[in-house]
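Taking this note's numbering, the leading residue of the sequence shown gets -6, the next gets one more, and so forth. Step one of this worksheet: look at the structure below.
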Amino acid sequence: MKTQKERKPRFLFVSRWGDILDLAHATQQEGNEVKLFIEYKPCREVGGGFVPKVRNWEKKIDWADVIIFDYTGYGKKASELRAAGKYVIGGTEYADKLELDRSFGQSELKRHKIKILNYQEFSSFHEAI
């Protein structure tokens, strides 16, 4: 039996729709242990039979050596996991804010002297028309 030092890393992939299946499968093909969580219920069939799936990714945190997030909205949890000493790829509160608050993202681009197109914000569909 392999000791923990001899075994390959364990990867937990946390996905909104299963978009990261190809990376999870490639990681498994390289001999690593892999588990995949797909949040959106209608997409949970994605990749059936390619990699092992879990219904509750948070119950697998202790199992995982590396946790990989493929979408926004997990930033706070990812930060907590990093603070607890976990290796985490993807997911930051800053990245969530950049993606979910477009005005903030535009202001960050300006702040770093990156040219952006002119834009206007609307608070309703009717206002935009």
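Note that the Cβ used here is the ideal one computed from N, Cα and C, for glycine as well.
Is it right to say residue i is buried, meaning 16 or more other beta carbons lie within 10 angstroms of its own, or is it exposed?
{"i": "Q21", "result": "buried"}
{"i": "Y33", "result": "exposed"}
{"i": "Y112", "result": "exposed"}
{"i": "A17", "result": "buried"}
{"i": "A76", "result": "exposed"}
{"i": "Y67", "result": "buried"}
{"i": "F97", "result": "exposed"}
{"i": "D15", "result": "exposed"}
{"i": "L102", "result": "exposed"}
Are the beta-carbon atoms of residue i and residue j separated by less than 8 Å?
{"i": "V81", "j": "I54", "result": "no"}
{"i": "R3", "j": "W50", "result": "no"}
State the DSSP-derived secondary structure class of residue i, mapped to helix, strand or coil.
{"i": "F62", "result": "strand"}
{"i": "F118", "result": "helix"}
{"i": "G11", "result": "coil"}
{"i": "Y124", "result": "No statement about residue 124 is possible, as the shown extent of the chain runs from -6 to 122 and does not include it."}
{"i": "L110", "result": "coil"}
{"i": "R0", "result": "coil"}
In the DSSP assignment, the beta strand (DSSP E) including residue i goes from what residue to what residue?
{"i": "S8", "result": "3 to 8"}
Every unbroken beta strand (DSSP E) inside the segment 16 to 84 [3 residues or more]: 26 to 31, 59 to 62, 80 to 82
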